[in-house]
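Engineer: The sequence shown: position 142 = 142 (full-length UniProt numbering), numbered continuously.
Virtual Cβ for every residue (Gly too), placed ideally from N, Cα, C.
Please read these numbers as outputs of a predicted model, since none were measured by experiment.
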Amino acid sequence: MAGCAATAACCMFVLRGSEAFEALDGIGGDRSGPAPAAAVDAPDPGRVLQIVAHPDDDLYFMNPDLRYSIAAGHPVTTVYLTAGEADGINATEGKQASTPPNKPAYAEARQNGIRAAYAQMATGDRGSAWKRTVVPTLGGGHAEVDVLVAKPEVNLVWLQLREAGTVYDSAPDSLHGLWDGKTAALGAQLSSGTPVKQRFSYSKDQVVRTLVGVLEQYRPTTVRAQDPTPGRFPDTKKYTDHQDHFYGARFVQAALAAYAKDVDAKDRPHFAVQNYVGYFNGSLPSALGPDEAREKLDILGTYAWLDKQNHCGSNAGCGDLKIADHPAGNGWTSTVNYARGTGTSWLTSDKEHGLWAFKVLDGQVALWHRSGPIGAWSGPRLLPGTGMDPGVATVTLPDGRIGAFGTRTSFGARPSDYRREVVYAVQKGPGTEEFGDWQSLGTPETADENWTSDISGPAVAVDGSGQLAAYVRDGAGSLRGRVQLAGGGWGPWASYGGADLHGTPVTATDGAGRRMVFAATTKSVVGWTQPKPGAPLGPATPTGLPDTTLPLTAEGREGGVRLWFRKPGSGNVRTALVTGEGGLKVNHLTDLGGLQGFGSVTASGHVLAGRSAGGLLGAGLGEGRPWERSPLMFVGAPSSAVTGRNTVSLAVVGLDARLYVTSSADDADAHLAPWLPVGPRNAAPPAAAR
């Protein structure tokens with residue numbers, strides 16, 4: 001909300017009444033003051049805000065990231081859009097038929113379970129005390145805010161709107177119905193134990209304004225949300241995720257866009273966004289190693305109230321007995337997947353060994369630049385153009401200019417106008433920080449209702465003939481692409497086949513200049529290759545590789561294209577060399593070990609890096625050298641680039657939405673140099689200055 005300069009009543013998400021402001025600030029501590037200066041190897045922890053549809057969505061789909069942040073002492077707040085009341089029956093499967101429904105009590109039991117799980121993660125004591133407060137919201141209703149007394153940086157915000165009560169079927173009285181205009185207002189379902197007593201309902205705009213108020217109060221640097229475009233199953237056309245999950249995520253998108261537009265950048269920090277896959281995780285290979293999966297399951301066990309002890313003193317129950325018979329869900333505790341932002345090509349170098357980094361902050365592409373190998377860094381500078389989704393892919397054109405590609409979400413005047421499209425911007429000249437306007441390549445999807453606008457981020461490469469192409473995975477799970485024509489225009493969206501593709505494809509060129517494209521399935525990896533530069537891609541070809549945990553990294557080297565990916569149920573990094581002479585062929589598969597963890601790995605020169613167990617960055621610096629773990633927790637994927645004959649630069653964006661860069665020389669004493677934070681600290685301004 002613009003103009004929040006003078007009063008406490010306008011400086012937090014309650015937005016009315018200094019008494020509530022003072023109570024919350026007194027419990028939660030002052031989030032507004034400038035943070036002390038950090039050493040180069042001690043990044044600002046940032047502030048994490050998670051917004052989910054139901055109690056337990058965070059535990060199933062955002063962990064272990066949530067646990068990592070809490071364990072590191074980061075300020076973490078989770079917002080629950082709905083009460084999660086379902087059918088109101090809090091009982092194990094064998095007792096559900098004989099248990100009368102009570103929606104307020106079931107909502108309370110789920111709240112009790114969430115508080116216990118967070119207390120367990122933060123203090124080791126599920127019974128650790130909470131301070132519960134009622135606060136008015138910018139949307140005209142009331143929310144419950146819970147602050148963990150022993151760790152006041154941990155907050156829970158309960159908006160308590162009604163849930164849909166069905167995964168797929170039409171339910172007008174729901175977030176979905178509110179978004180689509182099938183209901184003018186969605187009412188609250190207050191839990192029996194909440195201190196909120198006022199009845200209220202929200203229009204679509206009021207939900208958005210309520211979330212903007214939350215953002216104004218907590219001023220996050222990292223926002224975690226669910227996937228707004230999960231797609232449909234090709235055979236049944238049912239959603240692959242709960243409708244509350246992805247329509248809730250669309251409300252988050254709208255609120256973030258309004259917050260970035262209405263609150264001046266000098267009055268808030270930059271923020272990055274991370275989206276998470278939901279129900280479909282159960283159909284994908286397990287991304288977590290056994291220790292991480294066990295920790296995640298233990299937390300769900302606390303939420304599910306497996307010990308049946310009345311720790312909370314509530315007649316409603318101290319947890320969610322509905323999941324007590326199967327707290328792992330549909331295999332959800334053994335995995336985690338990012339819906340976007342898995343690409344590793346957002347850092348690139350130029351012929352002068354300068355560095356260019358591109359990440360999405362505040363819904364715009366942020367640019368950082370270092371001139372030459374030892375020049376000063378500039379940035380972040382936000383390129384014009386809003387609505388950008390997490391994840392940027394870069395490519396160097398034949399004339400030396402850099403092209404940045406991503407996807408953009410727009411809302412339009414009607415719900416049916418929601419769409420995601422591929423866009424790109426190109427440097428106005430090699431070495432300049434000025435880029436042209438964003439150009440649209442459109443989308444292979446004809447309407448949101450078909451596949452929920454489920455297109456991946458783009459994979460881009462220039463082949464040996466100088467031809468540029470961009471590829472995406474479409475909502476049907478096949479590969480689509482557009483090729484730039486000699487005159488600068490683009491051909492139509494072509495279909496390249498493939499089935500059961502998931503995640504974002506990757507592309508690179510081999511030693512002969514042939515472009516290869518790869519995409520993961522639930523069981524293997526599929527590839528395509530040009531028979532020669534300038535030719536169309538050949539057919540989809542099975543690689544015979546084993547299943548992966550989805551994110552792939554590809555780089556042209558050794559005459560072919562080398563792939564890196566993770567081993568399911570382990571986190572170890574694997575690699576294979578693929579050649580294109582006479583058709584796509586996969587050479588031997590090698591397990592490189594690692595520090596477990598999950599997600600994308602980046603590979604350049606002698607450096608291999610990715611998220612390790614504990615959420616920190618792990619790096620391998622060559623065969624026979626031990627893996628190193630760095631004190632950095634970060635958003636999305638790392639990226640790296642060769643910046644000299646024997647030097648590799650490595651970059652991440654921390655949870656404080658700040659760029660961090662290091663380097664390593666390939667010599668007998670190869671190691672990572674101290675991390676360099678780029679640009680000013682991303683701290684919120686003092687309250688008196690707002």
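Buried or exposed for Thr236, going by 16 or more other Cβ atoms inside 10 Å?
Structural biologist: In the sequence shown, the residue the question calls residue 236 occupies position 236. Classification of Thr236: exposed, given that the 10 Å Cβ count is below 16.
Engineer: Going along the chain, which residues of its own chain have a beta-carbon closer than 8 Å to the beta-carbon of Asn682, five neighbours each way excluded?
Structural biologist: Along the sequence shown, read from residue 1 onward, the residue named residue 682 stands at position 682. Asp44, Gly46, Thr221, Pro269, His270, Asp656, Ala657 and Arg658, listed in sequence order.
Engineer: What separation, rounded to the nearest whole angstrom, lies between the Cα atoms of Leu367 and Ser524?
Structural biologist: Here the question's residue 367 lines up with position 367 in the sequence shown. Here the question's residue 524 lines up with position 524 in the sequence shown. Rounded to whole angstroms, Leu367 to Ser524 spans 35 Å at the Cα level.
Engineer: Label Arg645 either buried or exposed according to how many other C-beta atoms from any shown protein chain fall within 10 Å of its C-beta, with 16 as the threshold for buried.
Structural biologist: Here residue 645 refers to the residue found at position 645 of the sequence shown. Counting Cβ neighbours within 10 Å, Arg645 comes out exposed, since fewer than 16 surround it.
Engineer: Among Ala265, Val422, Ala609 and Leu175, whose alpha-carbon lies nearest the alpha-carbon of Leu632?
Structural biologist: Taking the sequence shown and counting its residues from 1, the one referred to as residue 632 is at position 632. Closest option to Leu632, Cα to Cα, is Ala609.
Engineer: Please classify Lys567: does DSSP put it in a helix, a strand, or coil?
Structural biologist: Taking the first residue of the sequence shown as position 1, residue 567 is located at position 567. Three-state result, Lys567: coil.
Engineer: I'd like the list of long-range same chain contacts for Gln253, defined as Cβ closer than 7 Å, with 5 residues on each side in sequence excluded.
Structural biologist: Reading the sequence shown from its first residue, position 253 is the one you call residue 253. These residues qualify, in order along the chain: Pro228 and Thr409.
Engineer: Of the residues Gly385, Glu163, Val157 and Leu584, which one's Cα is nearest the Cα of Gln439?
Structural biologist: Within the sequence shown, numbered from 1, the residue matching residue 439 stands at position 439. Looking at the Cα atoms, Gly385 is the closest of the given residues.
Engineer: Quick test of the definition: if touching needs 3 or more C-beta pairs under 8 Å, does the region 447-464 touch the region 406-420?
Structural biologist: Contact holds: three or more Cβ-Cβ distances are below 8 Å.
Engineer: Within 10 Å of its beta-carbon, does Phe435 have 16 or more other beta-carbons around it, so buried, or fewer, so exposed?
Structural biologist: If you number the sequence shown from 1, residue 435 lands on position 435. Phe435 should be labelled buried.
Engineer: Given this structure, state the Cα-to-Cα distance separating Ser283 from Val635, to the nearest angstrom.
Structural biologist: Within the sequence shown, residue 283 is the residue found at index 283, counting from 1. Within the sequence shown, residue 635 is the residue found at index 635, counting from 1. Cα to Cα, Ser283 sits roughly 24 Å from Val635.
Engineer: By how many angstroms is the C-alpha of Gly88 removed from the C-alpha of Val208?
Structural biologist: For the purposes of this step, residue 208 is taken as residue 208 along the sequence shown, with counting starting at 1. For the purposes of this step, residue 88 is taken as residue 88 along the sequence shown, with counting starting at 1. Their Cα atoms are separated by approximately 27 Å.
Engineer: Roughly how many angstroms lie between the CA atoms of Glu153 and Leu138, to the nearest whole one?
Structural biologist: Position 153 of the sequence shown, counted from the start, is the residue given in the question as residue 153. Position 138 of the sequence shown, counted from the start, is the residue given in the question as residue 138. Between Glu153 and Leu138, the C-alpha separation is close to 22 Å.
Engineer: In this structure, does DSSP put Gly583 in helix, strand or coil?
Structural biologist: Within the sequence shown, the letter at position 583 stands for residue 583. DSSP places Gly583 in coil when its eight states are reduced to three.
Engineer: Quick one: does Gly583 have its CB under 8 Å from some CB of chain D?
Structural biologist: Among the chains in the structure shown there is no chain D, since it carries only a single protein chain.
Engineer: Does DSSP put Gly610 in a helix, a strand or coil?
Structural biologist: Numbered from its first residue, the sequence shown carries residue 610 at position 610. Here Gly610 sits in strand by DSSP.
Engineer: In this structure, how does DSSP classify Arg562 when only helix, strand and coil are distinguished?
Structural biologist: Your numbering for residue 562 matches position 562 in the sequence shown. Of the three classes helix, strand and coil, the one that applies to Arg562 here is strand, per DSSP.
Engineer: Assign Leu178 to one of two classes, buried (16 or more other C-beta atoms within 10 Å of its C-beta) or exposed (fewer than that).
Structural biologist: Mapped onto the sequence shown, residue 178 falls at position 178. Answer is buried; the Cβ neighbour count reaches 16.
Engineer: Could you round the C-beta distance between Phe61 and Asn281 to whole angstroms and report it? I think they count as a contact, below 8 Å.
Structural biologist: On the sequence shown, position 61 is the one that residue 61 refers to. On the sequence shown, position 281 is the one that residue 281 refers to. About 7 Å separates the two Cβ atoms, so the contact holds.
Engineer: The alpha helix (DSSP H) with Ala114 in it runs from where to where?
Structural biologist: Looking up residue 114 in the sequence shown gives position 114. The question names Ala, but residue 114 is Ile in the sequence shown. Element bounds for Ile114: Lys103 to Thr123.
Engineer: Once you ignore the five residues that flank Ala670 on each side, which residues in its own chain have a CB closer than 8 Å to its CB?
Structural biologist: Locating residue 670 in the sequence shown gives position 670, where the first residue counts as 1. The residues are His606, Leu621, Gly622, Arg625 and Ser664.
Engineer: Excluding the 5 residues preceding and the 5 following Gly140 in the sequence, name in chain order all residues of the same chain whose CB lies nearer than 7 Å to its CB.
Structural biologist: Along the sequence shown, read from residue 1 onward, the residue named residue 140 stands at position 140. Around Gly140: Phe200 and Gln206.
Engineer: Determine whether the beta carbon atoms of Arg340 and Gly481 lie at a separation below 8 Å.
Structural biologist: Start at 1 with the first residue of the sequence shown, and residue 340 comes out as number 340. Start at 1 with the first residue of the sequence shown, and residue 481 comes out as number 481. No, Cβ-Cβ distance for Arg340 and Gly481 is not below 8 Å.
Engineer: Is it the case that the region 537-544 contacts the region 513-528, given that we only count it when at least three CB pairs across the two stretches are under 8 Å?
Structural biologist: Taking 8 Å as the limit for Cβ pairs, the verdict is that the region 537-544 does touch the region 513-528.
Engineer: Taking the alpha-carbon of Asp325 as reference, which of Phe358, His311, Gly317 and Leu300 has the nearest alpha-carbon?
Structural biologist: Taking the sequence shown and counting its residues from 1, one reaches residue 325 at position 325. Closest by alpha carbon: Leu300.
Engineer: Does the structure place the region 84-98 close enough to the region 307-323 that three or more beta carbon pairs sit under 8 Å?
Structural biologist: A contact exists between the region 307-323 and the region 84-98.
Engineer: What three-state label does DSSP hand Lys95 in the structure shown?
Structural biologist: Here the question's residue 95 lines up with position 95 in the sequence shown. The answer is helix: DSSP assigns Lys95 an H, G or I state.
Engineer: Based on the DSSP secondary-structure assignment, which residues constitute the bridge partners of residue 774?
Structural biologist: Absent from the model: residue 774. The displayed extent of the chain is 1 to 690, so no value can be given.
Engineer: Apart from the five residues just before and just after Tyr202, which ones in its own chain have a Cβ nearer than 7 Å to its Cβ?
Structural biologist: In the sequence shown, counting from the first residue as 1, residue 202 sits at position 202. Closer than 7 Å at Cβ, skipping near neighbours: Gly139, Gly141, Leu161, Ala185, Leu186 and Thr210.
Engineer: What's the gap between the Cα of Ser640 and the Cα of Pro444?
Structural biologist: In the sequence shown, the residue the question calls residue 640 occupies position 640. In the sequence shown, the residue the question calls residue 444 occupies position 444. So the two alpha carbons sit approximately 30 Å from each other.
Engineer: Just reading off the beta strand (DSSP E) that Ala554 is part of, what are its end residues?
Structural biologist: Counted from its first residue, the sequence shown places residue 554 at position 554. Unbroken beta strand (DSSP E) run through Ala554: Thr553 to Arg557.
Engineer: Report yes if the C-beta distance between Val586 and Leu550 is below 8 Å; otherwise report no.
Structural biologist: Working through the sequence shown from its first residue, we reach residue 586 at position 586. Working through the sequence shown from its first residue, we reach residue 550 at position 550. No, Cβ-Cβ distance for Val586 and Leu550 is not below 8 Å.
Engineer: Among Val642, Pro638, Asp667 and Asp666, whose alpha-carbon lies nearest the alpha-carbon of Gly654?
Structural biologist: Here residue 654 refers to the residue found at position 654 of the sequence shown. That would be Pro638, whose Cα lies nearest to the Cα of Gly654.
Engineer: In this structure, does DSSP put His242 in helix, strand or coil?
Structural biologist: For the purposes of this step, residue 242 is taken as residue 242 along the sequence shown, with counting starting at 1. His242 falls in the coil class under three-state DSSP.
Engineer: Express the C-alpha separation of Ala376 and Ala425 in angstroms, rounding to a whole number.
Structural biologist: Position 425 of the sequence shown holds residue 425. Position 376 of the sequence shown holds residue 376. Cα to Cα, the separation comes out at about 24 Å.
Engineer: Going by DSSP, what residue range makes up the alpha helix (DSSP H) through Tyr218?
Structural biologist: Looking up residue 218 in the sequence shown gives position 218. Note, Tyr218: alpha helix (DSSP H), Lys204 to Tyr218.
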